[in-house]
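Peer 1: Sending over a structure as structure tokens; questions will come in a sec.
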Amino acid sequence: DAGVIQSPRHEVTEMGQEVTLRCKPISGHDYLFWYRQTMMRGLELLIYFNNNVPIDDSGMPEDRFSAKMPNASFSTLKIQPSEPRDSAVYFCASSLRTGGNTGELFFGEGSRLTVL
Amino acid sequence: AQKVTQAQTEISVVEKEDVTLDCVYETRDTTYYLFWYKQPPSGELVFLIRRNSFDEQNEISGRYSWNFQKSTSSFNFTITASQVVDSAVYFCALSEHNQGGKLIFGQGTELSVKP
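Written as structure tokens, this is what we have:
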């Protein structure tokens, strides 16, 4: 079975440019999460969706960040305009909640973003 | 508020040594889940284990074992007879039952196993 698929794996852009990161969750999973990893802040949750609906976006740093999930098999995280401090590895993860129990999160390989 | 603390930032051992990674958590929920993930140098996050708050049985999987103690809010991870391939950053994480499965991660412990 395919795991969580993220693209691009690496992105280098200049300050002020728009960046779009993409994620395809594991088929059948009902939760999708976007995390950001930096040396300073570690792994922090940005936003998560349940059945394509955003549930908690309190971790989104500011209005420059937006995330969408138009269907069960695709999500995007957009940064516009990008800034050097957005440089990080962005992980997408999905999980399946069964019987009310939290399942483990399956992570993609991450998208490493560098903003110059 | 929920919080996960991994006090050990870095640990270095020699191959075949046993090593324990500490994890202490805080939560007000009575139902919650604890996880360990491994992040090797290649960067992906690999799931190792999940425990729910009602199951305090220790678990062993090969050279890996986990000790869950609610009395001390700890969920420690031991690698027996460590190997160079165990070198990675290990993350402990907490999920509260009513939080939709979102994980709160500790800062991670970087384990270096030298030959």
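In the order they appear, the protein sequences are chains A and B. Heads up: the first sequence at position 59 corresponds to 1061 in the numbering used here, and the numbers run straight through without jumps. Heads up: the second sequence at position 6 corresponds to 8 in the numbering used here, and the numbers run straight through without jumps. By construction, the Cβ of each residue, glycine as well, lies at the ideal position given by its N, Cα and C atoms. Every value quoted in this text rests on a predicted model; they were computed, and no experiment measured them.
#1: Are residue 1078(A) and residue 1116(A) touching if we call contact CB-CB under 7 Å?
#2: Would you kindly work out how many angstroms separate the C-alpha atoms of residue 99(B) and residue 35(B), rounded to a whole number?
#3: Answer with yes or no whether the minimum CB distance from residue 103(B) to chain A is below 7 Å.
#4: By how many angstroms is the C-alpha of residue 1059(A) removed from the C-alpha of residue 1088(A)?
#5: The beta strand (DSSP E) spanning residue 99(B) covers which residue range?
#6: For residue 59(B) and residue 92(B), I'd like the C-alpha separation in whole angstroms.
#7: So, at 8 Å on beta carbons, what are the nonlocal neighbours of residue 104(B) in its own chain, with the 5 sequence-adjacent residues on each side left out?
#8: According to DSSP, simplified to helix, strand and coil, what is residue 72(B)?
Peer 2: In this structure, then:
#1: Indexing the first sequence from 1 puts residue 1078(A) at position 76. Indexing the first sequence from 1 puts residue 1116(A) at position 114. Cβ distance not < 7 Å, so residue 1078(A) and residue 1116(A) don't count as in contact.
#2: On the second sequence, position 97 is the one that residue 99(B) refers to. On the second sequence, position 33 is the one that residue 35(B) refers to. Cα-Cα distance, rounded: 7 Å.
#3: Along the second sequence, read from residue 1 onward, the residue named residue 103(B) stands at position 101. So yes, residue 103(B) belongs to the interface.
#4: In the first sequence, counting from the first residue as 1, residue 1088(A) sits at position 86. In the first sequence, counting from the first residue as 1, residue 1059(A) sits at position 57. Roughly 17 Å between the two C-alpha positions.
#5: Taking the first residue of the second sequence as 1, we reach residue 99(B) at position 97. Residue 99(B) -> no beta strand (DSSP E), and no H or E assigned at all.
#6: Counted from its first residue, the second sequence places residue 59(B) at position 57. Counted from its first residue, the second sequence places residue 92(B) at position 90. When rounded, the distance between both Cα atoms is 21 Å.
#7: Start at 1 with the first residue of the second sequence, and residue 104(B) comes out as number 102. Around residue 104(B): 97.
#8: Residue 72(B) sits at position 70 when you count from the first residue of the second sequence. DSSP places residue 72(B) in helix when its eight states are reduced to three.
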